[in-house]
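Take a look at the structure set out below.
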Amino acid sequence: MKIEEALNNLKHAIESERLAHAYIVVGSPREEGRCLVEQVLSLVFCSAKKKPCGDCRGCLDVREHTHPDIMWVEPQMKSRKISIDQIRDLQKQVFQTSYSGGWKACVLVGADRIGDQAANAFLKTLEEPPKRCIFFLLTDSPQFLLPTVVSRCQAINVASGLLNLPSDLRDKVVDILTHSSAVVSGKRSVITAFGVGERLAGLLGEIKDGIEKEEYQIAEEGSLDEDDDTLDARVSSRYREIRSAIIHALLLWHRDVLMLVCGTDKGLVFRKEAYDCLAKKAEGLTVRAALRNIQTVEEMNRQLERNMPDKTVLDFGFSRLN
Ligand SMILES: [Zn+2]
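With this note's numbering applied, the sequence shown covers 284 to 605.
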């Protein structure tokens, strides 16, 4: 779901006083997820008639994370976990009267990074929620939340796929996509197509190594008693998510090309910033070929899901893309 759409739904819920106690916001805790939460909070805490005004004390405090009625709970630096002490602190605060006499809010940033003990304590709060208090659980890995927690929240998914990637990675992926489109659109060359598949496979390898390093480091620093299987599962799940985000981006790319081949106007193109490149690509293709590209990417996705080796799938897939 797009952020504007999610925001509209929530605005409606606020106006009709049908706001849920707790929302799970699926999206990057640093980007689109946080962006949505801040915008909703501006709606709730803005004191102007036309909300959000962006200028009042409320709006400013939301933006700067200094609002006395909003608690931002982030994983601790060292353990990278939300601790039981943080949850106890939160429980104390949510039952105090609000400073502004209105709503209170709690945002758990990276809510999946909550330890079991802390999660169970937090669950109690969700079971008997304080009045006029809204909880946001911000996460890009909702599969790590306790099912009992999930069942007490409404989920909003604003994950934009590619945006979940750190910006340096995102640039690399976009570069590969643009490049693949540019080289293959001229004289079709199997060698360059293989090269692109290889570059993407190489990048995926780098990504996986990075995740592995990070997770093992977190486990070591926080002296968490997670066994290797749990760690491997975490690494593999994060990696698969990024990989599928990249394949999704590839799919959107070819969807854009198909739309242009069919004569759709620029306004409906997903990646407007790459319009020239897409248009050039579309020029040389028939509808049939553009459709076949989409099928090829979908097939690549299925093969990856079936655990075929990344490099084999990408090499073969890219060699078939027109
Ligand atoms: Zn305002």
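Ideal placement from N, C-alpha and C gives every residue a C-beta, glycine not left out.
Could I get the ranges of all uninterrupted alpha helix (DSSP H) runs contained in the segment 502-582, with 4 residues as the minimum, in chain order? 511-544 and 558-566
Does the Cβ of P413 lie closer than 6 angstroms to at least one heavy atom of ligand 1? no
Quick check: does the Cβ of G341 come within less than 6 angstroms of any heavy atom belonging to ligand 1? yes
So, under 8 angstroms CB-CB, V323 and P425 are touching, yes? Tell me the CB distance rounded to an integer number of Å. Not quite, the Cβ-Cβ distance comes to about 18 angstroms (not below 8 angstroms), so this is no contact.
Is C336 a contact residue of ligand 1, with contact defined as CB to any heavy atom under 6 angstroms? yes
For E347, which option in E321, R371 and D511 has the closest C-alpha, if you only look at C-alpha atoms? E321
At a threshold of 6 angstroms, does A331 count as lining ligand 1 (C-beta to nearest heavy atom)? yes
When you compare only the Cα positions, how much space is there between D593 and K491? 12 angstroms
Three-state secondary structure (DSSP) at K455? helix
Below 8 angstroms, how does it come out for the segment 373-386 and the segment 349-356: are there three or more Cβ pairs, yes or no? yes
Please tell me whether N584 and I530 are closer than 7 angstroms, where the distance is taken between their beta carbons. yes
When you compare each of K332, V392 and Q437 to A303 by their alpha carbons, which one comes out closest? Q437
V308, DSSP secondary structure in three states: strand
Bounding residues of the beta strand (DSSP E) (the contiguous stretch that carries V390): K387 to V392
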